[in-house]
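*Asks:* Chains as they are written, first to last, in the numbering used here: chain S, 1 to 302; chain A, 303 to 681.
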Amino acid sequence: MLFQFEGVTKKYGAVTALDNLSVAVPTGAIGLLGPNGSGKTTMIRALLGLIPIDKGSGEILGMDFNRQQLDIRRVVGFAPENECLFPRVEGVEFVAYAGELVGMNAKDALQRSHEVLDYVGLGEARYRKVESYSTGMKQRLKLASAIIHDPKLLILDEPTNGMDPAGRDEILELTRDLAHNKGMSLLFSSHLLPDIETVCDYVVLLGGGKLLTEGSIQQLKQVHNRSFELRLKGDSTAFAQQLSNLGCTTELRDDLLLVQIPDSHSSQMLWEVAAQQQQQIRYLRPQRSTLEEVFLKAVEKT
Amino acid sequence: MPIFDQGYQHWSGQLSGHAWSWLTIARHGVRIGSKGRALRLLLLISWIPALLLVFLLCLWGLLERKSGVVAPLLQFLTFLHPEIIADPRHYRLEVWTICYDYFLLTELRFSMIVVLLVGPNLISQDLRYNALPLYFSRPLRRIDYFIGKLGVIVIFLGRIIILPCLIAYFLGLLFSLDISILRDTYRLLLASIVYGLVISLSAGLLVLALSSLSRNSRYVALFWLGIWFVSSVVGGVLETADREQRQHAMYQTLSPPKSFNYGPQSSPDQFNQQMAWHRARQKAFENFHAEEFRAAKGNWRPLASYTANLSRVGQQLLGTNAAWEKLGQLQPPGQREQFLLLFMGPQFPWIWSAAVLFGLFGLSACILSFQVKSLDRLK
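1) Hey, out of S:Y127, S:L141, S:L101 and S:E100, whose CA is closest to S:Y119's CA?
2) How would you call A:K681, buried or exposed, if buried means at least 16 neighbouring beta carbons within 10 angstroms?
3) Helix, strand or coil: how does DSSP classify S:P80 here?
4) May I ask you to list, following chain order, the residues of the segment 308–322 of chain A that have a beta carbon less than 9 Å from some beta carbon of chain S?
5) Taking DSSP as the reference, what is the three-state secondary structure of S:V223?
6) Of the residues A:P441, A:S514 and A:I653, which one's Cα is nearest the Cα of A:F672?
7) Which chain A residues are close to S:I100, counting only those with a beta carbon under 7 Å from its beta carbon?
8) Using a Cβ-Cβ cut-off of 8 Å (strictly less than) and excluding sequence neighbours within five positions of A:A586, which residues of its own chain qualify?
9) Which word fits A:H591, buried or exposed, when buried means at least 16 other C-beta atoms lie within 10 angstroms of its C-beta?
10) Out of S:G28, S:K11, S:R67 and S:Q68, state which residue places its alpha-carbon closest to the alpha-carbon of S:M43.
11) For A:F645, I'd like the list of residues in its chain whose CB is within less than 6 Å of its CB, leaving aside the five on either flank, ordered along the chain.
12) Along chain A, in chain order, which residues have C-beta atoms closer than 8 Å to that of S:L74?
13) Ordered along the chain, which non-local residues of its own chain (more than five positions away) have a Cβ less than 6 Å from that of S:L299?
14) Tell me the rounded alpha-carbon separation between A:R679 and A:S504.
15) Rounding to the nearest angstrom, what Cα-Cα distance links A:F595 and A:Q649 in this structure?
16) Quick one, which residues of the segment 77–89 of chain S are near chain A if we go by CB-CB under 8 Å, in chain order?
17) Does DSSP put A:M303 in a helix, in a strand, or in coil?
18) I'd like the span of the alpha helix (DSSP H) that includes S:N245, first residue to last.
19) Taking DSSP's pairing of strands, which residues face S:S57 in a bridge?
20) For S:F5, count neighbouring Cβ atoms within 10 angstroms of its own Cβ and tell me buried if that reaches 16, exposed if not.
21) Leaving aside the five residues before and after A:L325 along the sequence, list all residues of the same chain whose C-beta is less than 8 Å from its C-beta, in chain order.
22) Where do the ends of the alpha helix (DSSP H) carrying S:E90 lie?
23) Quick one: which chain S residues come within Cβ less than 8 Å of A:D428?
24) Between the Cα of A:A610 and the Cα atoms of A:E541, A:E593, A:N574 and A:R545, which residue gives the shortest distance?
25) Kindly indicate which residue of S:E93, S:F78, S:K297 and S:E59 has the alpha-carbon position closest to the one of S:L220.
26) Identify whether S:I148 lies in helix, strand or coil by the three-state DSSP scheme.
27) Among A:N423, A:F405, A:P634 and A:Y393, which has the Cα closest to the Cα of A:Q617?
28) Quick check on S:E158 - is its C-beta less than 8 Å from some C-beta in chain A?
29) Indicate whether the contact test is met: 3 or more Cβ pairs, each with one atom in the segment 466–474 of chain A and one in the segment 429–440 of chain A, closer than 8 Å.
30) Look at S:V223 and S:P286 and say whether their C-beta atoms are less than 8 Å apart.
31) Under 8 Å by Cβ, that's how I've got S:Y202 and S:S216 pegged, so tell me the actual separation to the nearest angstrom.
32) Between A:A433 and chain S, is the shortest Cβ-Cβ distance under 8 Å, so that the two count as touching?
33) Report the three-state DSSP secondary structure of S:D263 (helix, strand or coil).
34) For A:F438, return the contacting residues in chain S, with the cut-off set at a CB-CB distance below 8 Å.
35) What's the call for A:D389, buried or exposed, on a 16-neighbour Cβ count within 10 Å?
36) How far does the alpha helix (DSSP H) with A:Q584 in it reach, from first residue to last?
So this is what it looks like as structure tokens:
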């Protein structure tokens, strides 16, 4: 188990950021999804023991986050959403300083700083002042600072915010590599669904401080046995009309026809109708939910 | 092929506990602070008084040994009482104390400028660049953060206050070639170290508190200037106004009689009257100085000045007043108060100043505790 919350409540004055939240998350690459104000950042801060919680308990990597904050922060790397880079230091110096703050000795921290800067692709810019870095470079520098002590869990809070597509791809590729090839668990907080889908295997969806849904992405994007996407060689309109007459629900989306078959029929009816109309089915596959649909459905419930 | 394909290596080194994480913060702050050219220049200049202190202590050591090296310099020491020159060993502690007192008074001014250059950025920069998560998401506590930041000030001030005191002491010791100097003056060395720490901790915590109040370090610098400069001016003005008032009252009682004739044709009566008036005037001045000396013991006005409070505590630690009193014994009885008044400065109870500094210390700690509360207060 990577972390679990049991009835955790955290309020900021009248605002309830986490509302009796209970969740248990396995190790791996975890996406933390939710609209703005859903409690993602508060959840991360509670995990790191950065804020006191009002009620409930929980643990991360087997450590109680109410009592073992310092031990937790020793094995967790965190890259916050904000820039948090102060000027007048070189990249390599900044990362080494982050390592020393965790407890690495100065020599190890400097050596390791060079290694991780190479890994994140900032090797050439290591002696530049951090204020001269671009947004993408700053994000990679934060990532390097978070992984300098080789944490068991890496927490990234909105790491692709404000980045151009190329920089975003680089960050996603790096984090995916860390999570899938380097044995580092990852908690990736974002409201960008494609980012989560690219990097993570498991998703926790928050809304209004509550757990809306959780599960592996493969499970959430389940196959619908009675919904199909198909493409015809010829005119789809008459085809769709006949299916509607037979009780199907149809929707034409660009050149794709989305069909939902009633329980009384099977997918065989699609072939039968095509044969009747002498149409060729060029493409047919069962419809899958997208993460976006899962997200929207869950948010609608709240 | 992207560079990051070079691969990621796991690290299996040992992490130390958080006990020394403050030192990391302090070391980093000193490294960043030392990059400033103005600060480096100031640190260099602030060692000039230290050289003078070393010179004086070494000179006194040679004087005690009646070394021929100092013979040509004796003509420049005529401002000293002949008895002191005749038996310099007897007045060793007093001379050393006064030298240290002047040195520390000068360094106190330098330390205020050093704090002005180093202090404002310490926390306000972290607030401005949202850098607090960099610290608090790592295994360190708020107290480690504060001690680390305070350490930056203590290290810089230690370099210009404590370190020169130590060096001067050991050089003075070497030049006197007399082991009894240790017995006589070890308290002075300890006192100067303690005083250096008092300045560093008080000014350090105060500037940290100010630094936590604003994200703009320029405002913090202005706050600091206000506390240092304006409070000194206010203290000085209050003191001067009070003294002028008493002086004015004295002069009113001394206005010469209207029948005064200062010309050569003055009669014997007039001459006697004139002489009596001059004697009365002389007496009034002596009384005024004695009265000033007594008034100084209860004069609270310097308390308005931050540096005067530090200075007063320093005087107490070093025993400067006792040294001046001993030297004052060499003065004629009528001039003793005037001498002491001239050199001893404020005589109000040192505990008042200690209370003011302690109050500021507590206030600073409260401000820091309230302003830097972990990440609860951050965006």
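The beta-carbon is built from N, C-alpha and C at its ideal position, and this holds for glycine as well.
Since the model is a prediction, treat every value here as computed from it, not as a measurement.
*Replies:* Quick look at the numbers:
1) S:L141
2) Residue placement at A:K681 cannot be trusted, given a pLDDT of 40 that sits under 50; the coordinates are not used to answer.
3) Annotated three-state conformation of S:P80 is coil, per DSSP.
4) Of all residues in the segment 308–322 of chain A, only Q308, G309, Y310, Q311, H312, W313, S314, G315, Q316, L317, S318, G319, H320 and W322 come within less than 9 Å of chain S when Cβ atoms are compared, listed by chain position.
5) In the structure shown, the three-state DSSP call for S:V223 is strand.
6) Checking every option, the nearest Cα to that of A:F672 belongs to A:S514.
7) Per the sequence presented here, residue 100 of chain S reads as Glu, with Ile not at that position. Correct list: T326.
8) So the qualifying residues of the chain are M552, T555 and L556.
9) buried
10) S:K11
11) W626
12) Leu is not the amino acid found at residue 74 of chain S; the sequence shown has Arg there. In chain order: L317 and P441.
13) A small correction: the amino acid at residue 299 of chain S is Val; Leu does not occupy that position in the sequence shown. Only G207 meet the Cβ criterion.
14) In this prediction, A:R679 has a pLDDT of 44, which is less than 50 and means its spatial position is unreliable; nothing more can be read from the coordinates.
15) 8 Å
16) F78, P80, N82, E83, C84, L85, F86, P87, R88 and V89
17) Low confidence applies here, because A:M303 scores a pLDDT of 45, under 50, leaving its location unreliable and the question unanswered by this model.
18) S236 to N245
19) S:E6
20) Buried: at least 16 other Cβ atoms inside 10 Å.
21) G450 and G453
22) From DSSP, S:E90 is part of no alpha helix (DSSP H); its letter is neither H nor E.
23) F86
24) A:E541
25) Ranking the options by Cα distance to S:L220, first place goes to S:K297.
26) coil
27) A:F405
28) no
29) The segment 466–474 of chain A and the segment 429–440 of chain A do not touch, with fewer than 3 CB-CB distances between them shorter than 8 Å.
30) yes
31) 5 Å
32) Yes, A:A433 counts as interfacial toward chain S.
33) coil
34) L50
35) exposed
36) P570 to A598
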